[in-house]
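**Student:** Structure below; questions to follow.
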Amino acid sequence: MQEEQEVERILYALTASVLEKEYELNIAMETMHQYDVLFAKAKYSKAIDGYSPAFSQGEIEVKEGRHPLLGEKAVPLNLHMGVDDQALLITGPNTGGKTVTLKTVGLFCLMAQCGLPISAQPGTRLPLFQHVFVDIGDGQSIEENLSTFSSRLTNLIHILQHANDHSLLLLDEIGSGTDPGEGMGLATAILDQLANKGSTILATTHYSEMKTYAMEKEGFINGAMAFDLETLKPTYQLQIGTAGKSQAFDIAYKLGLHPEILNHAYDITYKQKGSFTKDDKLLKNPSYAKQVAINRYRQKRKAQKKEKAGFQMGDNVWIPAEEEMGIVYKGPDALGNYVVQIKGEKKEYNQKRLKLHISADELYPEDYDFDIIFKSKEYRKIKKVMDRKHVDGLTLEDDE
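The sequence shown stops at residue 400 when you use my numbering, and every number in between is there.
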């Protein structure tokens, strides 16, 4: 008991000694905490090669910005919204970088207001916001039995209730998840109301009508994520002032979808004639023509009529004797012979040895350039030059 009493006495004495220095210790701990935060920010800034942006009176300007989690792998983001630009509507294909753009701008604003350097270059200017509201991704809840559309609409209603002229709104594919016509109408009405509240808005969409809406509405500007049709890959570069396409038709054409289907789809979507033409490389692939449904009875009648009248350039014919498909190049001569191209070689056949498979009228548009099929690349190159201008010594010889 004496030993325990002695321990307590010593502890009380030590505690009293500490309490005598409580004020000084609290100041020391607070100072150490502040310096720890500053050194952490400095260390993080060095790790991301960060820069402290300037604060603006409503202007958003990001120069060579990279999302911190993507680092050097990210394609730099350049974005400018003036004080009169209230909303930016970004369009473009999927996986093109639209959502990353929203997240980067929102994260930069929050980091700047927390005193954290951002991964951008000098000249970056950001406003101060009271709120940053986000509607990105799938908030579907199995427990609450909410569909994707319902959950996102609930989120938008919350934003409508609390947004003001000091709010930043990041809205990804607003109005999606329901009937396209109704979704577009909802998206337009919601954006109108949020704009009336004075909020700063960055939104993405696939609705083509929204591009026109942004062009006509005061304070709204269009933006598009660039896409390389040659490689079928996005460039992740934001282009301000232009309305992008989802590139569905162009990608489908590049991947080999039949132009007849694409032109029909284009007419349905945009109420005007499409301009997709047949790729001569794909013509050699039998599966290319198989994409289009053919009325066998109508084709048979046309074939019988064609056989009586003869063949024309571009007709796809069957040579039973050789079990080969070919394309009529020219003819007939006085004896009824035609020149037919088979696997790049031109051969002569009498019309009695040919059976029409698919008429040229079914395969090609009226103004199709058959030189693409029957002439060499060098021949077409020289012809193109001679069509533009006269070149001394340049002649065009048939490469049959």
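Positions of the beta carbon are idealized from the N, C-alpha and C atoms, including for glycine.
Which term fits Gln401, buried or exposed, when burial requires 16 or more other beta carbons within 10 angstroms of its beta carbon?
**Tutor:** A query on residue 401 cannot be resolved here, the shown segment of the chain reaching from 1 to 400 and no further.
**Student:** Beta-carbon separation of Gly115 and Lys63 under 8 angstroms?
**Tutor:** no
**Student:** For the alpha helix (DSSP H) holding Ser17, just list the boundary residues, first then last.
**Tutor:** Gln2 to Glu20
**Student:** Helix, strand or coil, according to DSSP, for Leu107 in the structure here?
**Tutor:** helix
**Student:** Among Gly177, His80, Gln291 and Phe374, which one has its Cα closest to the Cα of Thr200?
**Tutor:** His80
**Student:** Which residues in the same chain have their Cβ closer than 7 angstroms to the Cβ of Gly417, if we skip the five residues on either side of it in sequence?
**Tutor:** Residue 417 lies beyond the stretch modelled for the chain, which goes from 1 to 400, so this question has no answer here.
**Student:** Do Asp135 and Asp172 have their CB atoms nearer than 8 angstroms?
**Tutor:** yes
**Student:** Considering only the beta carbon of each residue, do Leu14 and Thr101 sit closer than 8 angstroms?
**Tutor:** With contacts defined as CB atoms closer than 8 angstroms, Leu14 and Thr101 fail to qualify as a contacting pair.
**Student:** Under 8 angstroms: do the stretch 92-111 and the stretch 67-77 share three or more Cβ pairs, one atom per stretch?
**Tutor:** yes
**Student:** Look at Ser225 and Glu209 and say whether their C-beta atoms are less than 8 angstroms apart.
**Tutor:** What sits at residue 225 in the sequence shown is Met, not Ser. The answer is no: Cβ separation not under 8 angstroms.
**Student:** DSSP has Asn401 in a bridge; who is on the other side?
**Tutor:** No answer is possible for residue 401: it lies beyond the span of the chain, which begins at 1 and ends at 400.
**Student:** Could you pull the DSSP bridge partners for Thr99 from this structure?
**Tutor:** BP columns for Thr99 are empty, so no partner.
**Student:** Look at the alpha carbon of Ser376 and the alpha carbon of Ile261, and state the distance between them as a whole number of angstroms.
**Tutor:** Straight-line Cα distance between these residues: approximately 28 angstroms.
**Student:** Report the residue from Leu335, Ala28, Leu126 and Gly65 whose alpha carbon sits nearest the alpha carbon of Leu168.
**Tutor:** Leu126
**Student:** To which residues of the same chain is Tyr23 closer than 7 angstroms at the C-beta, ignoring the five residues directly before and after it?
**Tutor:** If we look at Tyr23 and ignore the five residues flanking it on each side, it has no Cβ neighbours.
**Student:** Please report the distance separating the alpha-carbon of Pro405 from that of Phe55.
**Tutor:** What is shown of the chain runs 1 to 400, which leaves residue 405 out entirely.
**Student:** Can you tell me whether Ser167 is helix, strand or coil according to DSSP?
**Tutor:** strand
**Student:** On the three-state DSSP scale, how would you describe Ala87?
**Tutor:** strand
**Student:** Helix or strand or just coil, what does DSSP make of Gln121?
**Tutor:** coil
**Student:** Look at the alpha carbon of Gly50 and the alpha carbon of Ala112, and state the distance between them as a whole number of angstroms.
**Tutor:** 11 angstroms
**Student:** Our contact map puts Pro180 next to Gly96 with C-beta atoms below 8 angstroms; I'd like the distance itself, whole angstroms only.
**Tutor:** At roughly 19 angstroms, the Cβ-Cβ gap does not stay under 8 angstroms, so Pro180 and Gly96 are not in contact.
**Student:** Enumerate in chain order the residues of its own chain whose CB-to-CB distance from Leu110 is below 7 angstroms, with the five nearest sequence positions on each side excluded.
**Tutor:** Excluding sequence neighbours, Leu110 sits near Val132.
**Student:** Hey, would you say Leu202 sits closer than 8 angstroms to Val105, going by beta carbons?
**Tutor:** yes
**Student:** Lys330 lies in the beta strand (DSSP E); which residues open and close that run?
**Tutor:** Per DSSP, Lys330 belongs to the beta strand (DSSP E) from Glu324 to Lys330.
**Student:** Compare the beta carbon distance of Arg353 and Ile327 with 8 angstroms and say whether it is the shorter of the two.
**Tutor:** no
**Student:** Classify Thr212 as buried or exposed, calling it buried when 16 or more other Cβ atoms lie within 10 Å of its own Cβ.
**Tutor:** Looking at its Cβ environment, which holds fewer than 16 other Cβ atoms inside 10 Å, Thr212 is exposed.
**Student:** Pick from Lys217, Asn164 and Ser176: whose alpha carbon is nearest that of Leu153?
**Tutor:** Closest option to Leu153, Cα to Cα, is Ser176.
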